[in-house]
Every structure is written in C-alpha cells, then in structure tokens.
Amino acid sequence: MEPVLDNIRQVIRENDNIVLVGGSEMMRETGLNGFRAEHMAYEIEEEYGYSPDEILSSLFFTRQAEKFFDYYKNIILNKKNVQPTKALKAVAELEKAGKLTAIVTRTVYQLFQRAGCQSTIELYGSVEENTCPVCGKMFDSKYIKNADGIPKCDKCGIPLRPGFSLLGEMLDNGRLTKAVNAIENANVLIVAGTSLNSLTWASTLRYYEGDKLILINTQKKSGDEKANYCAYGNISEIFEYVMDYSEE
Ligand SMILES: [Zn+2]
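Residue numbers (the working numbering): 1 to 248.
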C-alpha cells in the first residue's frame with residue numbers, strides 16, 4: 001500500500017469529530033446512475049431530446065410531467081435491490097465507533113442510511129420522500145417505479161412531487177445550515193468520490209478551516225492540491241484499508 005494510505009489511516013485512528021462528504025462516485029459503486037446521471041448525458045439527450053439538467057428543472061417538471069417521470073423511473077431508479085458497498089459499510093462502522101459526526105451528501109438514495117448510518121444530511125432530499133402536494137402523504141421509490149404513467153397520491157389523485165430538489169430550486173435551508181455547521185466544526189474532513197472544485201461542493205467545502213482534509217477519489221482532478229492528503233483508486237478498497245482504525 002502507498003504511504004499516503006497509512007498516513008490517512010493514522011489521522012482517522014487518532015482523531016474523532018470526522019465529517020464525510022459523500023460524492024457521486026461513492027454512489028456509482030452501487031450501480032445507480034444518480035439523478036443527474038452525468039456519465040450518460042449524451043445517451044439521455046439522444047433518447048429524451050433534453051439534457052438531464054433540463055429534465056430536472058422545475059419548469060420541465062411542470063410542463064412535461066410524463067417525460068419527467070419516465071426519466072425518474074428509468075434513469076434515476078435504474079437499479080433495484082442495491083446493496084451497501086464496502087465503503088458505505090466502513091462509514092457506518094466509523095459512526096458506530098463514535099468517530100464520525102456527520103455525513104453530508106447530494107446523492108438521493110438514502111444509501112448511507114441503508115448501510116446503517118444515523119447522521120446523514122441529504123442536501124437534495126431523496127427518492128424515498130416523494131410527497132402529495134395536497135395532503136402531504138409520503139411515497140417511496142417503489143411506488144414511483146410501479147406507477148402507471150405519472151405517479152399520483154392514492155388518496156387525492158394528485159401528481160406527486162419528487163422527494164429531491166429540482167435544479168434551480170432553493171435547497172432546504174435547515175439541511176444546508178446543519179451541513180455547513182458540521183463542516184465548519186469538523187476536526188477531520190473526508191471528501192470522497194467528488195472533486196474539490198466541483199461547482200456544487202466548492203461553496204460548502206470552503207467552511208472547513210482545519211488541516212486534515214482528506215480526499216479519496218477514483219482519479220486525480222484539478223483543485224485536488226487543496227487537500228492535505230489525496231488517495232486515488234477503488235473507493236471501497238481505500239475505505240476498507242484506511243478505516244481500519246483499531247489499535248494494532
Ligand atoms: Zn394526497
């Protein structure tokens with residue numbers, strides 16, 4: 001193993017109040033596409049005639065609900081029976097050991113919760129929290145997937161609102177504040193599966209003022225030099241190795 005991995009393991013072993021920012025590459029290890037499905041933008045544009053970002057806008061949802069839900073069912077909910085990866089399990093163990101304070105993510109599948117994590121902040125909400133705009137009843141992803149055409153509330157017959165924020169909409173302020181507080185107060189910040197320069201993260205990550213910023217990603221990206229430690233490769237393998245924090 002590379003020396004940097006041993007250094008990262010040492011930092012995790014010696015510290016608590018660790019905060020994890022879980023990016024899309026962590027999700028992709030499960031085989032899910034994500035709601036923006038960046039890796040298949042071209043195919044989506046060919047098939048739908050619109051880019052993922054156009055389909056995910058609130059205007060599109062209002063005007064072309066049928067197409068929106070087709071995308072939701074087939075692109076976002078592309079896989080059933082998703083199993084927690086080794087990386088997700090390692091994060092849950094770290095939390096159980098009392099070393100991890102919070103997980104901040106923009107992925108929308110409750111993946112960390114399913115692995116057993118308690119303190120996840122899902123900035124965009126999730127596919128399990130679709131609601132009826134009239135009565136507020138909540139419907140999970142299975143209900144969306146199995147619906148004929150546009151999924152509707154079984155009581156009111158009204159089309160459901162997706163459980164995640166549409167692009168261009170304001171994020172939930174409470175969640176955002178919680179995330180910023182966690183990052184600001186973190187002793188160690190682990191950023192996994194996303195680049196530090198990513199537009200969606202840069203504004204949140206700048207709140208971290210410590211000197212233990214750990215980046216774990218599949219490959220090198222510009223802006224990585226802002227991290228104090230960088231490790232590249234298979235995310236689950238790296239997590240398994242560095243999160244073995246038990247005394248030897
Ligand atoms: Zn209803």
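Note that beta-carbon positions come from the ideal geometry of N, C-alpha and C, so glycine has one too. These numbers were taken from a predicted model, which means no experiment stands behind them.
Distance from the Cα of V188 is smallest, within the candidate group Y229, D224, Q219, K220, for Y229.
Contact between the segment 46–54 and the segment 81–92 is absent: fewer than three C-beta pairs spanning the two stretches fall below 8 Å. The Cβ atoms of L20 and L88 lie no closer than 8 Å to each other.
Scanning its chain for C-beta atoms nearer than 8 Å, with the 5 sequence neighbours on each side dropped, one finds around E25 the residues A192, G193, T194, N217, T218, I235, in chain order. Runs of the alpha helix (DSSP H) lying entirely within the segment 8–57, each at least 4 residues long, are 24–28, 41–48, 52–55 in chain order. Rounded to whole angstroms, the gap between the alpha carbons of E128 and K221 is 32 Å. For the 8 Å CB-CB criterion, L56 and L123 do not form a contact.
The Cβ atoms of G125 and D16 do not sit closer than 8 Å to each other.
In the DSSP assignment, I121 is bridged to V104.
For P151, the secondary structure class from DSSP, reduced to helix, strand or coil, is coil.
Looking at the DSSP output, M138 shares a beta bridge with T131. Beta-bridge analysis with DSSP links V191 to V21, L215. Per DSSP, Y241 lies in no beta strand (DSSP E) segment; the continuous alpha helix (DSSP H) that holds it begins and ends at 235–242. Taking every residue with its beta carbon within less than 6 Å of a heavy atom belonging to ligand 1 gives, in chain order, C132, V134, C135, K137, C153, K155, C156, I158. Judged by DSSP in its simplified three-state form, L77 adopts coil rather than helix or strand. Where Y208 is concerned, there is no enclosing alpha helix (DSSP H), because DSSP gives it neither an H nor an E. The beta carbon of F35 is closer than 7 Å to those of L56, I76, V108, F164 in its chain, skipping five residues each way along the sequence. Under the three-state reduction of DSSP, P159 is assigned to strand. Annotation: the continuous beta strand (DSSP E) that includes Y232 extends over 229–232. CA-CA distance, L176 to R106, rounds to 11 Å.
With a beta-carbon spacing of about 6 Å, F139 and L160 fall inside the 8 Å limit used to define contacts. From the listed residues V91, I150, N74, M40, the smallest Cα separation to A115 is found for V91.
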